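Participant: Before I ask anything, here is the structure I am working with.
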Amino acid sequence: MEAGHRAITANEGHPMKPEALFWIDGETVVAAEARVSLHDRGLLYGEGAFDTMRAYGGRAFRLREHLSRFFAAGNTLGCRPDCAATDIEVAINSLLQDSGLSDAYIRTTMTRGAGGFGMEAMEDSPACVFIAVRPLRLPAETCYATGFRAMISDIRRNETSPLSRVKSLNYLDSLLARREARKAGVDEALMLNTRGHLAEAAASNVFLVQDNALVTPGIDSGVLAGITRSVVVELATAAGIRCEERSVDPEEFSTSTEAFLTNSLMEIVPLTEVNHLQVGGGSPGQTTLHLLRQYRDLASK
Ligand SMILES: Cc1ncc(COP(=O)(O)O)c(C=O)c1O
Numbered sequence: 001m002e003a004g005h006r007a008i009t010a011n012e013g014h015p016m017k018p019e020a021l022f023w024i025d026g027e028t029v030v031a032a033e034a035r036v037s038l039h040d041r042g043l044l045y046g047e048g049a050f051d052t053m054r055a056y057g058g059r060a061f062r063l064r065e066h067l068s069r070f071f072a073a074g075n076t077l078g079c080r081p082d083c084a085a086t087d088i089e090v091a092i093n094s095l096l097q098d099s100g101l102s103d104a105y106i107r108t109t110m111t112r113g114a115g116g117f118g119m120e121a122m123e124d125s126p127a128c129v130f131i132a133v134r135p136l137r138l139p140a141e142t143c144y145a146t147g148f149r150a151m152i153s154d155i156r157r158n159e160t161s162p163l164s165r166v167k168s169l170n171y172l173d174s175l176l177a178r179r180e181a182r183k184a185g186v187d188e189a190l191m192l193n194t195r196g197h198l199a200e201a202a203a204s205n206v207f208l209v210q211d212n213a214l215v216t217p218g219i220d221s222g223v224l225a226g227i228t229r230s231v232v233v234e235l236a237t238a239a240g241i242r243c244e245e246r247s248v249d250p251e252e253f254s255t256s257t258e259a260f261l262t263n264s265l266m267e268i269v270p271l272t273e274v275n276h277l278q279v280g281g282g283s284p285g286q287t288t289l290h291l292l293r294q295y296r297d298l299a300s301k
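Following my numbering, the numbering of the sequence shown begins with 1 at its first residue and continues without gaps.
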């Protein structure tokens, strides 16, 4: 280092809030203070699950549903947490308060723990559970006015695998599909299942609008039971809009008047192009925009 120069840390002189706050083993920490074992099975084999949710006005929306899905996924994958969903609920609320964030991204992660190398864990260690809260990073608001353009990926969801129904730490099919989409200059990748039916997008569920009714692939098509998906079905049902869960042929985009994607962070995003072909008139439809308004009203109540 040159004479007279010294490293300047972000906090020096100007205490800055850390970008993300974490909770691990009952403690609130910043990233640099957290430690995860090199024997952790989540790191070595993707053995574990996660969940993502969004806070509105300092409160996590549909928190209990997310935690229930998160613990069910951990259970499917053989994780043994030594905390309960209620402990995580308390921790999330206190992290939100400490972060001072009103609208926030929240991620819960559970790994099989420090079981070491080899197909079978050497030790039956407790799950490693941690939470992150950080500012939201969302698509530009203009995306809701123009809609997303998507391509159908060559990577398929395997509807016969339990992994298609949990948010596991093995998220590589989704990451690769999304990367492929971005390389092709579009916003998102849609994935078919092994039978060639529509499953979901890389990180969201998909809906089509046909004859003023909603159509979405059933869980047996190899999709995650999205919390937003279920809220959309609730909102649509309350508005007298019929909802059908069934196998969907990808060709049906050409006969649908609207389509949209759902996830907890992006809420409801119109889908206006698939494989260079416009969906509906190529702009967001009335049903989609109506559901988006209803969803935002409900989430920020
Ligand atoms: C593969 C996949 N499908 C669907 C969803 C939507 O789920 P939710 O509405 O619970 O956020 C997600 C969420 O990230 C996802 O990763």
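Ideal placement from N, C-alpha and C gives every residue a C-beta, glycine not left out.
All of these numbers come straight from a predicted model, not from anything done at the bench.
(1) Identify every residue that forms a DSSP beta bridge with I152.
(2) Please classify T108: is it buried, with 16 or more other beta-carbons within 10 angstroms of its beta-carbon, or exposed?
(3) Closer than 6 Å: is that where the CB of S256 sits relative to any heavy atom of ligand 1?
(4) In its own chain, which residues sit with a C-beta less than 7 Å from the C-beta of P162, not counting the 5 before and 5 after it?
(5) Closer than 6 Å is what we want: which residues have a beta carbon that near any heavy atom of ligand 1? List them in chain order.
(6) Out of V269, V274, N275, point me to the one whose CA is closest to T142's CA.
(7) Whole alpha helix (DSSP H) runs in the segment 33 to 107 with 4 or more residues, listed along the chain?
(8) Bridge partners for N263 per DSSP, in chain order?
(9) Which partner residues of C128 appear in the DSSP bridge assignment?
(10) Go ahead and pull the three-state DSSP assignment for L235.
(11) Checking 7 Å against the spacing of the C-beta atoms, do L21 and S99 come in under that value?
(12) Taking the alpha carbon of V232 as the point to measure from, which residue in V206, P250, E251, L169 has its own alpha carbon closest?
(13) Going by beta carbon distance, what residues of the same chain come within less than 7 Å of M122, once the five residues before and after it are set aside?
(14) Helix, strand or coil for R179, going by three-state DSSP, please let me know.
(15) Between the segment 167 to 178 and the segment 189 to 196, can you find at least three pairs of beta-carbon atoms closer than 8 Å?
(16) Straight-line CA distance for C83 to D25?
(17) Kindly indicate which residue of L265, I92, A31 has the alpha-carbon position closest to the one of G58.
Facilitator: Working from what's here:
(1) L190
(2) buried
(3) no
(4) T76
(5) Listed by chain position, these are T52, K167, S174, E200, A203, S204, N205, L224, G226, I227, T228, R229, T262, N263, S264.
(6) The option with the nearest alpha carbon to T142 is V269.
(7) 41 to 45, 63 to 76, 85 to 99
(8) In the DSSP assignment, N263 is bridged to E267.
(9) T111
(10) helix
(11) yes
(12) V206
(13) Same-chain partners within the cutoff: G115, G116.
(14) helix
(15) yes
(16) 9 Å
(17) Ranking L265, I92, A31 by Cα distance to G58 puts I92 first.
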